[in-house]
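Taken in order, the sequence shown gives residues 1044 to 1281; the numbers are from the numbering used here.
Where a beta carbon is used, it is the ideal one built from N, C-alpha and C, also for glycine.
Data first, discussion second: the structure below is written as structure tokens.
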Amino acid sequence: MLHPSDFFDLSDTFTAGFFAGCEFVWQALAYLEERLLVLLKGEQVILGQVLPGAYLGDRPVYIAEGARIEPGAYVLGPAYIGPGVSVRHGAYLRENVVMLAGSALGHASEAKHSLFLPQAHAPHFNYVGDSILGHRVNLGAGTKLSNLTLVSEKDPLTGQRPTIKLHVNETEYDTGLIKLGAILGDDAQTGCNSVLNPGCLVGRNTLVYANLSLRKGYFPPDTVLKLRQTTREAPRQK
């Protein structure tokens, strides 16, 4: 239920490599920086289009043939940007981001320490922090994948924040991660202005309705997560 293969199609060996050795799906984030360093080999390789007005930092970056970095985008790196990827105007691609074939980071959207599987889109006013987006995932405009709990105070003695713990079927799992956003399985979608709080695991083909604030935990595949609200009409006073 919590293995990477429960969330994603891993038949492609390159994609599967980011989950090698992972018993639980969130462990891929713990290994992401190390795997990205091996993949990039400390180099900048620019094969795709970097249009005038786009900015690339001096850290290792790979931009595959067919990828497009639009004016106003900022790629800090380290980053792997695969074939057909679109980093659009006003996007901010921070450290340790992998964007696989055909994925997109759009206007006024920010990604940090995250993995985009093929055709995953965060196209409009999104925040993607310490998260994994499965194949063909689409984030509605304004969706935020929050990655740090509001009460995550540093221990006064150690200076460390607590790790994020999840309760699934009455079992507690310590992720070992101080920051954990959301993990969305293949074909999951979110509606506009939804907020996924730290530690949301959303199964394949599940829909998160607009304006919903989703609490941490596991949400099964093929589910619709709805926000119930009512609208009341009243006469306007003159």
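Please state whether the Cβ-Cβ distance between residue i and residue j is less than 9 angstroms.
i: A1134; j: Y1117; result: yes
i: V1267; j: L1250; result: yes
i: T1206; j: L1191; result: no
i: G1172; j: G1234; result: no
i: Y1216; j: F1067; result: yes
i: H1150; j: L1075; result: no
i: L1109; j: V1128; result: According to the sequence shown, residue 1109 is Gly rather than Leu. It is a contact, given that the beta carbons lie within the stated cut-off.
i: T1218; j: G1202; result: no
i: G1120; j: L1136; result: yes
i: E1077; j: P1103; result: no
i: Y1252; j: S1237; result: yes
How is the alpha helix (DSSP H) around residue i delimited, first residue to last?
i: F1050; result: 1047 to 1050
i: V1081; result: 1070 to 1083
i: A1059; result: 1056 to 1059
Drop a sphere of 10 angstroms on the beta-carbon of residue i, count the other beta-carbons inside from all chains shown, and report buried for 16 or more, exposed for fewer.
i: T1105; result: Looking at the sequence itself, residue 1105 is Tyr, so the reference to Thr does not match. Buried.
i: T1292; result: What is shown of the chain runs 1044 to 1281, which leaves residue 1292 out entirely.
i: G1125; result: buried
i: Q1092; result: exposed
i: E1058; result: For the record, residue 1058 in the displayed sequence is Thr; it is not Glu. Burial call: buried.
i: N1169; result: buried
i: L1148; result: buried
i: K1269; result: exposed
i: G1064; result: exposed
i: Q1232; result: buried
i: A1165; result: buried
i: D1198; result: exposed
i: S1152; result: buried
May I ask which residues mark the beginning and end of the beta strand (DSSP E) holding residue i?
i: A1225; result: 1225 to 1227
i: P1166; result: 1164 to 1167
i: D1217; result: 1214 to 1217
i: M1142; result: 1140 to 1142
i: H1150; result: 1147 to 1150
i: S1157; result: 1157 to 1159
i: I1207; result: Counting along the chain, I1207 falls outside any beta strand (DSSP E), and DSSP gives it neither H nor E.
i: G1172; result: 1170 to 1172
i: L1244; result: 1243 to 1245
i: F1014; result: Here the chain comprises residues numbered 1044 to 1281, so residue 1014 is not present and cannot be evaluated.
i: V1180; result: That residue, V1180, is in no beta strand (DSSP E); it is neither H nor E in DSSP.
i: I1089; result: 1087 to 1089
Hey, how far is the Cα of residue i from the Cα of residue j?
i: I1226; j: Q1272; result: 26 angstroms
i: L1193; j: N1139; result: 23 angstroms
i: A1154; j: K1259; result: 20 angstroms
i: G1145; j: R1131; result: 13 angstroms
i: A1073; j: M1142; result: 17 angstroms
i: L1188; j: S1256; result: 10 angstroms
i: P1264; j: R1247; result: 5 angstroms
i: N1254; j: L1239; result: 10 angstroms
i: A1107; j: L1090; result: 5 angstroms
i: T1214; j: L1200; result: 29 angstroms
i: N1212; j: H1046; result: 15 angstroms
i: L1080; j: H1167; result: 29 angstroms
i: F1050; j: Q1280; result: 52 angstroms
i: V1112; j: Y1098; result: For clarity, residue 1112 is Ile in the given sequence; the question names Val instead. Cα to Cα, I1112 sits roughly 9 angstroms from Y1098.
i: E1196; j: E1276; result: 43 angstroms
i: W1069; j: D1052; result: 16 angstroms
i: H1210; j: L1083; result: 36 angstroms
i: A1071; j: G1115; result: 30 angstroms
i: D1230; j: S1048; result: 14 angstroms
Exercise. Between the segment 1172 to 1181 and the segment 1218 to 1233, are three or more C-beta pairs nearer than 8 angstroms?
Worked result: yes
Problem set entry | Contact between the segment 1199 to 1214 and the segment 1151 to 1161 (3+ Cβ pairs under 8 angstroms) | no
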